[in-house]
Amino acid sequence: MTTTTDTSTTMGMSTMTDTSSTMTDTSTMTDIGTTTDTSTAPSRLPLYALAPGIFAPLLALTKAAKKDLDPALVELLLIRASQLNRCAYCLDMHITDARKAGESEQRIALLNAWEEVPGLYTERERAALALTEAVTVLTDGFVPDAVYERAAAHFEDAELARLIALITAINCWNRLNVAARIPVGWDFGGNSRAQG
């Protein structure tokens, strides 16, 4: 049996100390993205500890991409990419951050079906969400011209460049966390909640 000790809180997330090699999942969800207990299974691979050089550059890319973009829009895009990539860690983080940025529960809850509720998201947001999906999924092997042109109609070139960098960064975070099975609330060696 594993015991996990909550040793401190870092930016709203508990820092966890794993005291054995297996763990029982005792986390309970109280609301979208809010846990009352972050005792979850350990990651499959301590990725960020084994390859510490990847954390800082990826964090720097993410921060640079967010520069001058609307924080609420940023969180919507990070949530949408994380939904598509099924990254629970990032979903939990960015749903919490979206609330802090003033997003409503309805807009967060319906984000997975944003195309079905045209009045809930602005045309600018919808263009950015379509771009997020196209960059994340790459169904056709490329971002379709119509999707790119729609986004370009709502964003200046510099904003568009940062949006594409942001979407690329969250996809990287998602894939790293999903591949290593980083659980919700897990601490990255004191860097929890610092990412994406």
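Counted the way my numbering counts, the sequence shown spans residues 58 to 253. Quick reminder that beta carbons are idealized off the backbone N, C-alpha and C, glycines included.
With respect to Q140, L134 sits apart: the two C-beta atoms are not nearer than 8 angstroms.
In the three-state scheme derived from DSSP, where H, G and I count as helix and E and B as strand, I111 is classed as helix. Around the C-beta of F212, 16 or more other C-beta atoms lie within 10 Å, and the residue is accordingly described as buried.
Exclusion of the five residues before and after N231 leaves S139, N142, C144, C147 as the residues of its chain whose Cβ lies within less than 6 angstroms of its Cβ.
Exposed is the label assigned to P175, since fewer than 16 other Cβ atoms lie within 10 Å of its Cβ. Judged by their CB atoms, R207 and L126 are not nearer to each other than the 8 angstroms cut-off.
The stretch 157-171 makes no contact with the stretch 104-116: fewer than 3 CB pairs, one atom from each, lie closer than 8 angstroms. The residue among P103, A122, L107 with its C-alpha nearest the C-alpha of L223 is A122. Cα atoms of L233 and K157: separation of roughly 25 angstroms, rounded to the nearest angstrom.
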